[in-house]
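Asker: Handing you this structure, nothing more for now.
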Amino acid sequence: AIPIVLKLTFAYDTFPHTPMSLGKFSNIINILAASWLIFTAILLFLPPTYPVTAETMNWTVLVVFGFATVSYVYWILYAKDNFRGPKQGKGDINIPLNYDEVTSLLHE
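Quick note: the sequence shown uses our numbering, first residue 1235, plus one each step.
Have a look at this one:
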């Protein structure tokens, strides 16, 4: 849901149009998809029974947020200064950035 929400909020006007575009239905489909993903993520964190005890607790929330916390601390302390991404080689494909480049590649 994070990439969908980021596209809807920050890249609303700048997102490139491609042959795989959903056209005028793009925003409504993205809103429905993000809403559904958020709703199901919340349901997955709920305990399966009531009353909640240590035996019936759904520990998914602890595992997910624990992993997220460890990942964030790792990023802050090490990765943000040392991560360089994949190396670009001589035979690597350049990803087209706009609609004209995509259509020209399709018609070659």
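Yeah, the Cβ is synthetic: ideal placement off N, Cα and C, and Gly gets one too.
Would you check if there are 3 or more beta carbon pairs closer than 8 Å linking the stretch 1259-1272 to the stretch 1285-1303?
Answerer: no
Asker: Roughly how many whole angstroms lie between the Cα atoms of T1252 and S1260?
Answerer: Here residue 1252 corresponds to residue number 18 of the sequence shown, with the count starting at 1. Here residue 1260 corresponds to residue number 26 of the sequence shown, with the count starting at 1. Rounded to whole angstroms, T1252 to S1260 spans 12 Å at the Cα level.
Asker: Look at the alpha carbon of A1245 and the alpha carbon of W1293, and state the distance between them as a whole number of angstroms.
Answerer: Locating residue 1245 in the sequence shown gives position 11, counting from the first residue. Locating residue 1293 in the sequence shown gives position 59, counting from the first residue. For A1245 and W1293, the distance between alpha carbons rounds to 35 Å.
Asker: Rounded to whole angstroms, what is the Cα-Cα separation between A1268 and L1242?
Answerer: Taking the sequence shown and counting its residues from 1, one reaches residue 1268 at position 34. Taking the sequence shown and counting its residues from 1, one reaches residue 1242 at position 8. When rounded, the distance between both Cα atoms is 10 Å.
Asker: Classify L1271 as helix, strand or coil using the three-state DSSP reduction.
Answerer: Position 37 of the sequence shown, counting from 1, holds the residue named residue 1271. Note: L1271 maps to helix in three-state DSSP.
Asker: Kindly list the residues whose CB is nearer than 8 Å to the CB of S1305, restricted to its own chain and excluding five residues on each side of it in sequence; keep chain order.
Answerer: In the sequence shown, the residue the question calls residue 1305 occupies position 71. Within the same chain, S1305 has no close Cβ partners at all.
Asker: Restricting to Cα atoms, I'd like to know which of D1247, F1299 and T1248 is closest to I1276.
Answerer: Taking the sequence shown and counting its residues from 1, one reaches residue 1276 at position 42. If we check each option's Cα against that of I1276, F1299 comes out closest.
Asker: Just curious, the alpha helix (DSSP H) that P1237 is in, first and last residue?
Answerer: In the sequence shown, counting from the first residue as 1, residue 1237 sits at position 3. Judged by DSSP secondary structure, P1237 falls within the alpha helix (DSSP H) whose first and last residues are I1236 to T1243.
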